[in-house]
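**Student:** Just passing along the structure, written as structure tokens.
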Amino acid sequence: MEWKEFEENIRETLEIEDDIAINKADVLENTEYWSSMHALLIMALAESEYDISLTGEELRNSKTLRDLFDLFQSKAG
Amino acid sequence: MSFFTCSNIRLAGIASSVPKKVVKNSEYTYVGEDERNFLMKTTGIVEKRHAPSGITTTDLGEKAANELLDQLGWKREDIDILVLVTQSRDYYLPSSAIILQDRLGLPSTCMAFDVGLGCSGYVYGLSIISKFLQDGQLKKGLLIAGDVSTVSTNFEDKSTYPLFGDAATATAVCYDETAEPIAFEMENDGSGYDTIIIRDGGAKNQLNDSTTQMKNYGPGINRTMKDLELNGLDVFSFSIKEPPKNIRSILQRTNTEISDIDYYVFHQANKLIIETIRKKLKIEKEKVPYSLTYYGNTSSASIPLTICDQIKDEVKHKRILFCGFGVGLSWGSCIVNTKDILCLTPIEF
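If you read the sequences in order, they're chains A and B. Residue 1366 in this note's numbering sits at position 20 of the first sequence; the count goes up by one each step and never skips. Residue 230 in this note's numbering sits at position 192 of the second sequence; the count goes up by one each step and never skips.
If you want it as structure tokens, here you go:
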């Protein structure tokens, strides 16, 4: 999985406008595009688009966008 | 994995009852407007019904059952079994089903008992009543399923309050040798017992001085120990992972293709969960009805309420898959081949 594809999917899923920059180093809790409900959308994205099952614990442990990307990559195999 | 079939069982009718009081999520002022709108968009829940204080599953179930029995022309004295699926029984004891047996005018020879399950409860309840009826010694049964969940949701807990609504349903089930077998596949996982839980008030943690003290558990989440607690991430993870596996398994065991099923009636947890399951299994949108938009998550009532509200005139002679999942953790599916079945429009209480 490439970062660009992941970024596009994250933008679409979380409805992040194009003029808002997102970076791997973003601390999720400090961004406007993240909340507990948004985390559910990421879980749904993983399951329906990538056939990846994420646990609540794995998402809670993902502090940055890089952590999320790494999690998707490791699960995608 | 518990897979089994029940022969000679026909669903004769379904009725549902909901309280009159409508509570709109657009007026849930505990959270800001943006969050409110995002919540409605993601969960799909626009409004739900709240029972007034003192009105319980027993009252709503009685209303639905009386209407159904009258419309079917079933005599009260012919009912052999009453199963009430609820997690909001009237009293710690006795069973609410026994109170309902009397209030419905059913004979003392009608066996009656409660089943303490929530969102998976309709499928479990149907399996129980079907097993009792399948050999023909008992001929007619009533399955009552529902909850008044709003007695346990705290207004200051945004993770539960906007989601749940109150409802109860009655399903008339009878012995019929011409009916096609119903297949069931049931599962559970007690390691997730505290994913959805009310911590105090049972024998383990009895009501005490601190039970009603409000505590904060994060932004927008205040509740007491007598309130419903729901771990959203873990519930979501479970809900999009296990039910699809369960459905694939029951389809495989019954040599059924996804496209062979006319309707998939899911427990109405929230729209995002159901849509994720639907996409994962590649089920056509038209085959997945929703009642949550105007009734919210109605626990064990959600499957029969969805039928009554959305597809009541289209379910005769159809192959329908019911899938319930939630608190326990508990989940299961069944495949029903309907015959003549009477489904009534939801009745206001």
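Just so you know, even glycine gets a beta-carbon here, dropped at the ideal spot from N, CA and C. The structure displayed is predicted, hence computed values, not measured ones.
Compare the C-beta of L1405/A with all C-beta atoms of chain B and state if any pair is closer than 9 Å.
**Tutor:** In the first sequence, residue 1405/A corresponds to position 59, counting from 1. It does: the Cβ of L1405/A has a partner Cβ on chain B nearer than 9 Å.
**Student:** Do Y66/B and K196/B have their C-beta atoms closer together than 9 Å?
**Tutor:** Here residue 66/B is taken as the residue at index 28 of the second sequence, counted from 1. Here residue 196/B is taken as the residue at index 158 of the second sequence, counted from 1. Their beta carbons are under 9 Å apart, which means Y66/B touches K196/B by this criterion.
**Student:** So, helix, strand or coil for Y301/B, using DSSP?
**Tutor:** As a working note, residue 301/B is residue 263 in the second sequence. In this structure, Y301/B counts as strand in the three-state DSSP scheme.
**Student:** Report the option in I47/B, N46/B, T43/B, A53/B whose CA atom is closest to the CA atom of L382/B.
**Tutor:** On the second sequence, residue 382/B is found 344 positions in, with the first residue counted as 1. Ranking I47/B, N46/B, T43/B, A53/B by Cα distance to L382/B puts A53/B first.
**Student:** Strictly by DSSP, which residues pair up with D152/B?
**Tutor:** Locating residue 152/B in the second sequence gives position 114, counting from the first residue. Partner(s): L122/B.
**Student:** Please report the straight-line C-alpha distance between S55/B and G228/B, rounded to a whole angstrom.
**Tutor:** Position 17 of the second sequence, counted from the start, is the residue given in the question as residue 55/B. Position 190 of the second sequence, counted from the start, is the residue given in the question as residue 228/B. So the two alpha carbons sit approximately 31 Å from each other.
**Student:** Below 8 Å on the Cβ atoms is my guess for A135/B versus Y160/B; work out the distance and round it to an integer in Å.
**Tutor:** Sequence index remark: in the second sequence, residue 135/B carries index 97 (1-based). Sequence index remark: in the second sequence, residue 160/B carries index 122 (1-based). Wrong, their Cβ atoms sit about 15 Å apart, outside the cutoff.
**Student:** If contact is defined by three or more beta carbon pairs under 8 Å, each pair taking one atom from either stretch, is the stretch 175 to 193 of chain B in contact with the stretch 335 to 354 of chain B?
**Tutor:** yes
**Student:** Measuring only the C-alpha atoms, how far is L1391/A from Y199/B?
**Tutor:** Reading the first sequence from its first residue, position 45 is the one you call residue 1391/A. Reading the second sequence from its first residue, position 161 is the one you call residue 199/B. Cα to Cα, L1391/A sits roughly 25 Å from Y199/B.
**Student:** Mapping the DSSP letters down to three states, classify M263/B as helix, strand or coil.
**Tutor:** Start at 1 with the first residue of the second sequence, and residue 263/B comes out as number 225. Residue state, collapsed to three classes: coil.
**Student:** Mind checking whether G51/B and L110/B have CB atoms under 9 Å apart?
**Tutor:** Numbered from its first residue, the second sequence carries residue 51/B at position 13. Numbered from its first residue, the second sequence carries residue 110/B at position 72. Closer than 9 Å, so yes.
**Student:** I'd like the list of long-range same chain contacts for K356/B, defined as Cβ closer than 7 Å, with 5 residues on each side in sequence excluded.
**Tutor:** For the purposes of this step, residue 356/B is identified with residue 318 of the second sequence, where counting begins at 1. The answer, listed in chain order, is D300, Y301, T376.
**Student:** So K1370/A and F1415/A are supposed to be a Cβ contact under 8 Å. How far apart are they, rounded?
**Tutor:** Locating residue 1370/A in the first sequence gives position 24, counting from the first residue. Locating residue 1415/A in the first sequence gives position 69, counting from the first residue. K1370/A to F1415/A, Cβ: 6 Å. Contact.
**Student:** Looking at C-alpha atoms only, which residue of S329/B, K317/B, F276/B, C346/B is the closest neighbour of G370/B?
**Tutor:** Locating residue 370/B in the second sequence gives position 332, where the first residue counts as 1. For the residues S329/B, K317/B, F276/B, C346/B, the minimum Cα distance to G370/B belongs to F276/B.
**Student:** Around the Cβ of G230/B, are there at least 16 other Cβ atoms within 10 angstroms (buried) or fewer (exposed)?
**Tutor:** Indexing the second sequence from 1 puts residue 230/B at position 192. G230/B comes out buried.
**Student:** For C212/B, does the three-state DSSP call read helix, strand or coil?
**Tutor:** Mapped onto the second sequence, residue 212/B falls at position 174. The answer is strand: DSSP assigns C212/B an E or B state.
**Student:** Of the residues V189/B, I117/B, L266/B, Y328/B, which one's Cα is nearest the Cα of L142/B?
**Tutor:** To locate residue 142/B, count along the second sequence from 1; it is residue 104. For the residues V189/B, I117/B, L266/B, Y328/B, the minimum Cα distance to L142/B belongs to I117/B.
**Student:** Classify C31/B as helix, strand or coil using the three-state DSSP reduction.
**Tutor:** Given that chain B is displayed from residue 39 to residue 387, the structure contains no residue 31/B and the question cannot be resolved.
**Student:** Closest to T233/B by C-alpha separation, out of V353/B, S329/B, L266/B, would be which residue?
**Tutor:** Your numbering for residue 233/B matches position 195 in the second sequence. Taking only the C-alpha atoms, the option nearest T233/B is L266/B.
**Student:** DSSP three-state label for M1383/A, please.
**Tutor:** The count along the first sequence starts at 1 and reaches residue 1383/A at position 37. Correct three-state label for M1383/A: helix.
**Student:** Going by DSSP, name the residue or residues bridged to L180/B.
**Tutor:** Looking up residue 180/B in the second sequence gives position 142. L120/B, A210/B, per the DSSP bridge assignment.
**Student:** Considering just the uninterrupted stretch of the beta strand (DSSP E) at F41/B, what are its terminal residues?
**Tutor:** In the second sequence, counting from the first residue as 1, residue 41/B sits at position 3. First-last of the beta strand (DSSP E) with F41/B: 40 to 44.
**Student:** Which one of N293/B, T314/B, K264/B has the shortest CA to CA distance from P281/B?
**Tutor:** Here residue 281/B is taken as the residue at index 243 of the second sequence, counted from 1. For P281/B, the nearest C-alpha among the options comes from T314/B.
**Student:** Give, in chain order, every unbroken run of the alpha helix (DSSP H) that is at least 4 residues long and sits entirely within the stretch 277 to 337 of chain B.
**Tutor:** 309 to 319, 330 to 333
**Student:** Could you compute how far the alpha carbon of C361/B sits from the alpha carbon of L343/B?
**Tutor:** Position 323 of the second sequence holds residue 361/B. Position 305 of the second sequence holds residue 343/B. Going from the Cα of C361/B to the Cα of L343/B covers about 13 Å.
**Student:** Please list the partners that N269/B has in chain A, where partner means a Cβ-to-Cβ separation under 9 Å.
**Tutor:** Locating residue 269/B in the second sequence gives position 231, where the first residue counts as 1. Chain A residues near N269/B: G1402.
**Student:** Does the separation of the CB atoms of I220/B and I47/B fall below 9 Å?
**Tutor:** Numbered from its first residue, the second sequence carries residue 220/B at position 182. Numbered from its first residue, the second sequence carries residue 47/B at position 9. Contact flag set, yes.
**Student:** State yes or no: is the beta carbon of E1351/A nearer than 9 Å to at least one beta carbon in chain B?
**Tutor:** To locate residue 1351/A, count along the first sequence from 1; it is residue 5. False, the Cβ-Cβ gap to chain B never drops below 9 Å.
**Student:** CA-CA distance, L367/B and L310/B?
**Tutor:** As a working note, residue 367/B is residue 329 in the second sequence. As a working note, residue 310/B is residue 272 in the second sequence. Roughly 19 Å separates the two Cα atoms.
**Student:** Less than 9 Å between the beta carbons of F304/B and S158/B, yes or no?
**Tutor:** Reading the second sequence from its first residue, position 266 is the one you call residue 304/B. Reading the second sequence from its first residue, position 120 is the one you call residue 158/B. Their beta carbons are not under 9 Å apart, which means F304/B does not touch S158/B by this criterion.
**Student:** Do Y1379/A and E1351/A come within 9 Å of each other at the CB atom, strictly closer than that value?
**Tutor:** Taking the first sequence and counting its residues from 1, the one referred to as residue 1351/A is at position 5. Taking the first sequence and counting its residues from 1, the one referred to as residue 1379/A is at position 33. The answer is no: Cβ separation not under 9 Å.
**Student:** Determine the direct distance from the alpha carbon of D1413/A to that of E218/B, and round the result to whole angstroms.
**Tutor:** To locate residue 218/B, count along the second sequence from 1; it is residue 180. To locate residue 1413/A, count along the first sequence from 1; it is residue 67. Those two C-alpha atoms are separated by around 51 Å.
**Student:** In three-state DSSP terms, what is T1359/A?
**Tutor:** What you label residue 1359/A is simply residue 13 of the first sequence in a count that begins at 1. T1359/A falls in the helix class under three-state DSSP.
**Student:** Should R127/B and D152/B be called a contact, given that it needs their Cβ atoms to be closer than 9 Å?
**Tutor:** Counted from its first residue, the second sequence places residue 127/B at position 89. Counted from its first residue, the second sequence places residue 152/B at position 114. Contact: yes.
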